[in-house]
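Undergrad: Our numbering numbers the first residue of the sequence shown as 66 and each following residue consecutively. We treat Cβ as the ideally placed atom computed from N, Cα and C, and that holds for glycine. Everything numeric in this text was worked out from a predicted model, so none of it was measured.
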Amino acid sequence: MKLSETFELLMLEHDGQFHIPLNYVATRYFKMESAAFKKHLNSGALPKDFTNSVELNVVPTRSLANLFEYLKKEKEQIIMCNRTKNSQKSNDMTNDLNPMGRWMLMSSLMQQYGTAIIPYTRIAADYLNWKSEKTAMAKYNDGTVTKLQLVTIQSNVGRKQPVFVAVQDLADFLLSNRNVAILN
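#1: Could you tell me if Ser197 is buried or exposed, where buried requires 16 or more neighbouring beta carbons within 10 angstroms of its beta carbon?
#2: Grab the span of the beta strand (DSSP E) containing Ala231 for me, first residue to last.
#3: Is the separation between the beta-carbon of Tyr185 and that of Thr217 shorter than 7 Å?
#4: Where do the ends of the alpha helix (DSSP H) carrying Val123 lie?
#5: When burial is assigned at 16 or more other CB atoms within 10 Å of the CB, is Tyr89 buried or exposed?
#6: Nearest to Ile130 by CA position, among Ser172, Tyr94 and Leu106, is which residue?
#7: First and last residue of the beta strand (DSSP E) that includes His79?
#8: In chain order, what residues of the same chain have a beta carbon less than 8 Å from the beta carbon of Pro86, not counting five sequence neighbours either side?
#9: Counting pairs of Cβ atoms below 8 Å between the segment 186-194 and the segment 91-109, do you hit three or more?
#10: Any idea if Phe83 is buried or exposed, counting beta-carbon neighbours within 10 angstroms, 16 or more meaning buried?
#11: For Leu74, which residues in the same chain have their Cβ closer than 6 Å to its Cβ, ignoring the five residues on either side in sequence?
#12: May I have the straight-line CA-CA distance separating Thr71 from Gln176, to the nearest angstrom?
#13: So what does DSSP say about Pro164, is it helix, strand or coil?
#14: Please report the straight-line C-alpha distance between Leu136 and Gly166, rounded to a whole angstrom.
#15: Where do the N-terminal and C-terminal ends of the beta strand (DSSP E) with Pro112 fall, by residue?
#16: May I ask you to list the residues that DSSP assigns as paired with Ile188?
#17: Is Asp234 buried or exposed, if buried means 16 or more other CB atoms sit within 10 Å of its CB?
#18: Relative to the C-alpha of Ile183, which candidate in Ser241, Met202, Asp237 and Phe229 has its C-alpha closest?
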């Protein structure tokens, strides 16, 4: 069975641990206290597979990776609907790049950010020159990020609904050929 890149990167980030403490997952990836996160687990706000896998206040790394993949696929479906044939062709070329170079870039990004799942606002500040969190979220909400074809992962849990970018998606974004002018 082939491991997903998200799972591999989470394993790397968490030193090969197959289980991550629930309170860490809640605060790191969902920006919530663990008690509030547990309420969301019980409310059905998250996929049942993920909810059922959480036991004894630990989250299996594979389940967390699957949740991120699920949330990412929802976003990718929106992006795929907005792509033209030309942009799809250039994105396919990204996948044909030297895999070793891509992994080296992902490794470098992991070292730079210290995590496999990076808060979107940091990416917006570092690569899109949207320094203000308010500007970054406005651009996210108005569809600019989707038009740029940066794949994001949005948690549907909590009031703030944090947005993340997976390292492999950032690498693909940086390696793809686009004719884009980013204006503030």
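TA: In short:
#1: To locate residue 197, count along the sequence shown from 1; it is residue 132. So Ser197 counts as exposed.
#2: The residue labelled residue 231 in the question sits at position 166 within the sequence shown. Val228 to Ala231 is the extent of the beta strand (DSSP E) around Ala231.
#3: Numbered from 1 along the sequence shown, position 120 holds the residue referred to as residue 185. Numbered from 1 along the sequence shown, position 152 holds the residue referred to as residue 217. Cβ atoms of Tyr185 and Thr217: closer than 7 Å.
#4: To locate residue 123, count along the sequence shown from 1; it is residue 58. Here Val123 belongs to no alpha helix (DSSP H); instead the beta strand (DSSP E) covers Val123 to Pro125.
#5: Sequence index remark: in the sequence shown, residue 89 carries index 24 (1-based). Tyr89 should be labelled exposed.
#6: By 1-based counting over the sequence shown, the position of residue 130 is 65. For the sequence presented, residue 130 should be read as Ala rather than Ile. Out of Ser172, Tyr94 and Leu106, Tyr94 has the C-alpha closest to the C-alpha of Ala130.
#7: Locating residue 79 in the sequence shown gives position 14, where the first residue counts as 1. No beta strand (DSSP E) holds His79; DSSP gives it neither H nor E.
#8: Your numbering for residue 86 matches position 21 in the sequence shown. Here the set comprises Asn122, Val123 and Val124.
#9: no
#10: In the sequence shown, residue 83 corresponds to position 18, counting from 1. So Phe83 ends up on the exposed side.
#11: Within the sequence shown, residue 74 is the residue found at index 9, counting from 1. Closer than 6 Å at Cβ, skipping near neighbours: Ala181 and Val232.
#12: The residue given as residue 71 occupies position 6 in the sequence shown. The residue given as residue 176 occupies position 111 in the sequence shown. So the two alpha carbons sit approximately 16 Å from each other.
#13: The count along the sequence shown starts at 1 and reaches residue 164 at position 99. Correct three-state label for Pro164: helix.
#14: Stepping through the sequence shown from its first residue, residue 136 is reached at position 71. Stepping through the sequence shown from its first residue, residue 166 is reached at position 101. So the alpha carbons of these two residues sit roughly 27 Å apart.
#15: Indexing the sequence shown from 1 puts residue 112 at position 47. Careful: Pro112 lies outside any beta strand (DSSP E) and carries neither H nor E.
#16: Numbered from its first residue, the sequence shown carries residue 188 at position 123. DSSP output for Ile188 lists no bridge partner at all.
#17: Locating residue 234 in the sequence shown gives position 169, where the first residue counts as 1. By the neighbour-count rule (16 or more Cβ atoms within 10 Å), Asp234 is buried.
#18: The residue labelled residue 183 in the question sits at position 118 within the sequence shown. The candidate whose alpha carbon is nearest that of Ile183 is Phe229.
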